[in-house]
Amino acid sequence: MKFNSIRFKISVFYTAILALILVFYTALTYYNLRHTLYRDLDNNILVKAQEVSSAINSYLAVLGNDQRAFDFAVRRVIRLEGTHPNQDRIEEVERAWLAKRDKQNLAEAYINFASVDRAEEILSSANLTEPMLKGFLSDIAVAGRKAVSYKDVNIGSYQLRVGSIPFYHNYKKRQVYLIQIGVLRNKVFAILYGRLIFAALTIPLILLLASFFGGVITNRVLKPIMDITKVASNVTYKDLSIRVKSQRGEEELKYLVNAFNEMISRLDKSFKYIAEFSSNVAHELKTPLTIIRGEADLALMQERDPREYQRVLKVTLEEAEGMLKIVDDLLLLSRLEYEPSVFNFESFDFTVFINEIYGQARRMAEPNSISVKLSCPDKPIVIKADMVHLRRMFLNLLSNAVKFTPAGGTITITVRHEPKQLHVSVADTGIGIRPEHIDKVYDRFFHTDSPDKAGPGGTGLGLSIVQSIVKMHQGDISVESHFRQGTVFTVTLPVPD
Ligand code: ADP
């Protein structure tokens, strides 16, 4: 896989996004879990503190509410030590307390009973070491002002969660005490640590799998593009019949495949057209050249009289003129198509222009006894066009009309002005075009013999030139013909506002 390939980029991009999402999600669940575990721990501490506080109150209820009883109760609950003269009266309380103490795992808890006013401990459980006690009491004044407060205390390898819960002694209402309960946080750490290890192991695995499957999917998606590339590299001018097969249904790729196949089809058509065109040119030039060579060969075979030589030279001249016309027409066609600068657009009155053409048409038609008519609005029609090429276009249409109309026929030029458009039709009462030929009349070199065999043969380039000129004027041309009845060519040209 190359680093600048689409496959690589997509893989890296979406693996990175997936990694970000996974890390974010893991962090979120981690903090959520941490919060839940701490809440459970704190609730646990609160329950323990309530047990301690209710045990002290139970002793006080049995022994009376004086200072001695209070001191005894605290000592008894926190350290399970001390005796009392009224031992028999406290046995029942003692039993109940010990049962609860076991149930709450209070023996494992680190307990401290402190005075907020004096900011010191009164009594703490035997497992509470001196440094731990310091940690417990570090902010006793602050804790004392709150209802319940929690903090983390880390002493050596002991990591504790300590809750400070106020205790109000009934005997001295004003004096506030704190019951501080510390529990180990090991369980919380173990669970959180486990979660981290799990994430650290699973995220790379998920990413690895995702990038693998991502690669497979991208490969599948890019397969048609690879197919196109393969086909494209096999396309040569010799074989343009190759097409890409689009087996799958992806809409976008279907467009690409279709566009590519259409491009090859167009290229195929163009190449065929060029090949056919060159063979047509060769063929059109070969006929006159064969005639010239044949005539010259024949003339040189033996001594001839001057009139024979004159005839041969005349034939040569005629054929050379014909060839020159073909070459001139081809040059004009290629200039019309590839050199738009040959056009010189100017504004002029079309009615004046068409009247001139009409005069020329009459002179062309006269020798063949064909009459020419013009129907044109009186009002001036200003258009923007290339006058020289437009004249060439109408004369081509008119000379065809003359050529294909027998003597006694009529040619009618009709000009119709519509908003933004001008329709000019050249209609004749000539031999018409066979229906099977009507689509071919604009093809280069397509021509049929004129009925008057004596006249100059056509090159079949006239209507191609007409079409190119119309196209360059952003116009349109249409033909309508009835075989043996006549033909109408209609040119539509845009008229500026
Ligand atoms: P050319 O006139 O040199 O033969 P064109 O390209 O001008 O070539 O015309 C092509 C062909 O179209 C003609 O050979 C003829 O078959 C047909 N055609 C053109 N104009 C007419 C028309 N007015 N009447 C009948 N056929 C026509």
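In short: position in the sequence shown from 1, add 6, done, that's my numbering.
A virtual CB, placed ideally from N, CA and C, is assigned to each residue, including glycine.
Around the ligand ADP, Cβ to any heavy atom closer than 5 Å, ordered along the chain: The set, ordered by position in the chain, is N406, A407, F410, G436, I439, V447, H453, T454, G464, T465, G466, G468, L469 and T493.
Grouping DSSP H, G and I as helix and E and B as strand, with all else coil, what is H90? Here H90 carries a coil assignment [DSSP, helix/strand/coil].
Cβ atoms of L469 and V447: under 8 Å apart, would you say? Yes, Cβ-Cβ distance for V447 and L469 is below 8 Å.
Roughly how many angstroms separate the alpha carbons of K8 and V222, rounded to a whole number? Going from the Cα of K8 to the Cα of V222 covers about 15 Å.
Cα-Cα separation between V250 and R13, rounded to whole angstroms: C-alpha separation (whole angstroms): 21 Å.
C-alpha distance - T493 paired with T242, whole-angstrom precision: Near 43 Å, if we compare the C-alpha coordinates of T242 and T493.
Starting from R13, trace the beta strand (DSSP E) in both directions and tell me its first and last residue. Looking at the DSSP string, R13 is not in any beta strand (DSSP E); the run it does join, the alpha helix (DSSP H), is I12 to L69.
Can you tell me which of A153, Y164 and L104 puts its alpha carbon nearest to the alpha carbon of M520? Outside the displayed span of the chain (7 to 503) sits residue 520, for which this structure offers no information.
Under the three-state DSSP convention, the category A505 falls into: Summary: the structure shown does not reach residue 505, with the chain confined to residues 7 through 503, and so no result is reported for it.
Under 6 Å Cβ to Cβ from T32, same chain only, skipping five residues before and after it: list those, please. Same-chain partners within the cutoff: A205.
Do you know whose CA, among I185, N133, I161 and K152, lies nearest M118's CA? A quick correction: the sequence has Asn, not Met, at residue 118. Answer by Cα proximity: I185.
If you drop the 5 nearest sequence neighbours on each side, which residues of the same chain put their C-beta closer than 7 Å to that of V263? Once the five neighbours on either side are set aside, the close Cβ partners of V263 are P230, I234, V250 and S252.
Report the residue from A120, G162 and H479 whose alpha carbon sits nearest the alpha carbon of I146. Taking I146 as reference, the option from A120, G162 and H479 with the minimal CA-CA separation is A120.
May I ask you to check if the CB of G221 is nearer than 7 Å to at least one heavy atom of the ligand COA? The ligand COA is absent from the structure shown, which contains only the ligand ADP.
Separation of K54 from L112, as counted between CA atoms: Their Cα atoms are separated by approximately 7 Å.
Using 8 Å as the cut-off, can you tell me whether the stretch 125-140 makes contact with the stretch 77-96, which would need three or more C-beta pairs spanning the two stretches below that distance? These segments touch.
On the DSSP bridge assignment, give the partners of Y183 in chain order. According to the DSSP secondary-structure assignment, Y183 is paired through a beta bridge with S121 and F173.
Could you check what DSSP says for S487 in three-state terms: helix, strand or coil? DSSP places S487 in strand when its eight states are reduced to three.
Kindly indicate which three-state DSSP category F218 falls into: helix, strand or coil? In the three-state scheme derived from DSSP, where H, G and I count as helix and E and B as strand, F218 is classed as helix.
Using DSSP with H/G/I as helix, E/B as strand and the rest coil, what is A391? In the three-state DSSP reduction, A391 falls in the strand class (E or B).
For the structure I just gave you, are there three or more beta carbon pairs, one from the stretch 192-203 and one from the stretch 34-46, closer than 8 Å? Yes, the stretch 192-203 is in contact with the stretch 34-46.
Give the DSSP-derived three-state secondary structure of H289 in the structure shown. Helix at H289.
If we cut at 8 Å on Cβ distances, does S353 have a partner in chain C? This model lacks chain C altogether, as it is built from one protein chain only.
Residue environment, M399, which counts as buried when at least 16 other CB atoms sit within 10 Å: By the 10 Å Cβ count, M399 comes out buried.
If you draw a straight line from the C-alpha of G300 to the C-alpha of N286, how long is it? The straight-line gap from Cα to Cα measures roughly 21 Å.
Rounded Cβ spacing between L467 and R450 (contact assumed at less than 8 Å): About 6 Å separates the beta carbon of L467 from that of R450, a gap short enough to meet the 8 Å contact definition.
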